[in-house]
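Asker: In the working numbering, the protein residues as written are 597 to 1065.
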Ligand SMILES: C[S@@+](CC[C@H](N)C(=O)[O-])C[C@H]1O[C@@H](n2cnc3c(N)ncnc32)[C@H](O)[C@@H]1O
Ligand code: SF4
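#1: Does residue 597 come out as helix, strand or coil in the three-state DSSP assignment?
#2: Could you give the distance in angstroms between the alpha-carbon of residue 740 and the alpha-carbon of residue 1014?
#3: Hey, out of 683, 761, 756, whose CA is closest to residue 727's CA?
#4: Since residue 669 and residue 729 should fall inside the 8 Å C-beta cutoff, what is the C-beta to C-beta distance between them, to a whole number of angstroms?
#5: Hey, would you say residue 643 sits closer than 8 Å to residue 943, going by beta carbons?
#6: Would DSSP call residue 672 helix, strand or coil?
#7: Can you list, in chain order, the stretches of the beta strand (DSSP E) that have 3 or more residues and sit fully within the region 902-955?
#8: CB-CB under 8 Å to residue 1065, same chain, minus the five flanking residues each way: which ones, in chain order?
#9: Could you name each continuous alpha helix (DSSP H) segment of 4 residues or more that falls completely within the region 712-779, going from the start of the chain to the end?
#10: Of the residues 970, 974, 947, which one's Cα is nearest the Cα of residue 958?
#11: Could you check if residue 841 belongs to the surroundings of ligand 4, using beta carbon to heavy atom distance under 7 Å?
#12: Below 8 Å between beta carbons: does that hold for residue 750 and residue 941?
#13: Any idea which residues DSSP pairs residue 794 with across the strands?
#14: Consult DSSP for residue 686 and reduce its assignment to one of helix, strand or coil.
#15: Between which two residues does the alpha helix (DSSP H) carrying residue 882 extend?
#16: Verify the contact flag: residue 866, CB atom, against every heavy atom of ligand 1, threshold strictly below 7 Å.
#17: Considering only the alpha carbon of each residue, which of 890, 873, 892, 1052 lies closest to residue 883?
#18: Go ahead and pull the three-state DSSP assignment for residue 576.
#19: DSSP three-state call for residue 1055: helix, strand or coil?
#20: Here's a check: name, in chain order, each residue in its chain whose Cβ is nearer than 6 Å to the Cβ of residue 754, leaving out the five neighbours to either side.
#21: With distances taken Cα to Cα, identify the nearest neighbour of residue 599 among 846, 867, 897, 859.
#22: In three-state terms, what does DSSP make of residue 651?
#23: So, is residue 858 buried or exposed, given that buried needs 16 or more other C-beta atoms within 10 angstroms?
#24: Cutting at 8 Å between CB atoms, please list the residues of its own chain near residue 1023, excluding the five before and the five after it.
#25: With respect to the alpha helix (DSSP H) encompassing residue 804, which residues constitute its N-terminal and C-terminal limits?
#26: Hey, is the region 860-873 in contact with the region 814-833, meaning 3+ C-beta pairs nearer than 8 Å?
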């Protein structure tokens, strides 16, 4: 079924949406699909974006210890078995029990620092309740089962967990299919982990090789099947246009999804840092031809949407798909939320509360110095003024179709009304059935680009992005 017939159907959708014509009008106002990182991330995952943060210290954020009732906790594990050619995350090479004693010691030291940071937050916020815990990276599952158990137990003793606390841990096909993979999954499930998430990126052997992933497609399929035995809810990540970006690769990915039907699929658009191999290849004239054109990227996204629909998936933003509404990803909403408190522990982790968005140092050395001196390792951040909260409510709200919060007295209010009008004219935004501003199908095809347009003037200036109004 996933074949020529599907391609024909998508050709029709492409023509009905008049994509070629729309691309011309959007280009005229500076909107186009690029493959460059957006403010430090591969999609608009946070507001403010990471590159807009400026030097700031913990004293600016926590003038006094303040009891906080409920928080969401993120723990960063900056170790991976492979350094993938496309990835811009703060991480380093580590191969677990096979690695040198020095590297193993460095990992043990990092875990110790992390646990100290958990306890520092526990004291400062007076032992809050955890609504959700996300252990991400990096590849947390490269740690041994007992190290993962230790971190989970430390988090449990530092904070209060309830029966409703959601716990997600990130793995990778290789760590899941390793000799101890089955035991690790069983232990994580028995320790209350409710969801596993791992990157597959592509089921195409050649794309995986170029991405430096170091496994074959059957390992990725095996990882899905093994994970399904222990977790009712799990997510796989795929990336569109990682290399070649062919429609055949998308069809192949759809066929592999059909074989294991993961409860949740995140299918990102590839965006590359200029410092990583993939970003360098894109700038290289000879190699750039291997990456898809803007028209092909749009066609590919429509192919993904239609193919996933035919496999029984419901799409709940431009990148995310579920088979049942109950398996939607709560963590992505929390990370982008402006009203819920997120505490990020570990190198490079970011956090937000009512008044600030802030980030830990990205240097392991500096992280260690701060923690050993009993100081929070926060080095960058931004104060969330009323204007920034208004901007955040649009950026986040438009993606999730929540109503943007009307914040009285903000100086940006009238500018945002003009922005909305402009996007309505361009066919990117409309009122949905609940009478809320939401992205149209065209808007979803240019999701990140449309959200960028709602960055505040201050943030845009910091990122040197063009503003249209
Ligand atoms: C921390 S990693 C996931 C877990 C694990 N390390 C793995 O790779 O299996 C988070 C996800 O971000 C996505 N990602 C990383 N770099 C990306 C890029 N340059 N463009 C698009 N997506 C990217 C990948 O899909 C990746 O799985
Ligand atoms: S994609 Fe995953 S495994 Fe690869 S370098 Fe990034 S975090 Fe590590």
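Cβ coordinates follow ideal geometry from the N, Cα and C atoms, glycine included.
Answerer: On the basis of the supplied data:
#1: At residue 597, the pLDDT of 49 sits below 50, so the modelled position is not reliable; the number obtained from the coordinates is stated separately. Three-state DSSP puts residue 597 in coil, outside helix and strand.
#2: 53 Å
#3: 761
#4: 5 Å
#5: no
#6: strand
#7: 916-918, 938-941, 946-948
#8: Residue confidence for residue 1065 is low, a pLDDT of 43 falling below 50, so the modelled location carries little weight; the figure read from the coordinates is stated next. Hits under 8 Å: 1011, 1014, 1015, 1018.
#9: 741-754, 769-773
#10: Closest by alpha carbon: 974.
#11: Ligand 4 is not among the ligands present in this structure, which contains only ligand 1 and ligand 2.
#12: no
#13: 767, 832
#14: coil
#15: Looking at the DSSP string, the run of the alpha helix (DSSP H) that includes residue 882 is 881-884.
#16: Within the cutoff, so yes.
#17: 873
#18: Past the boundaries of the shown model lies residue 576; the chain is included only from 597 to 1065, so the question cannot be answered.
#19: helix
#20: So the list reads 714, 715, 718, once near-sequence residues are dropped.
#21: If we check each option's Cα against that of residue 599, 846 comes out closest.
#22: Residue state, collapsed to three classes: strand.
#23: buried
#24: If we look at residue 1023 and ignore the five residues flanking it on each side, its Cβ neighbours are 618, 1036, 1038, 1039.
#25: That run of the alpha helix (DSSP H) goes 801-806.
#26: Yes, the region 860-873 touches the region 814-833.
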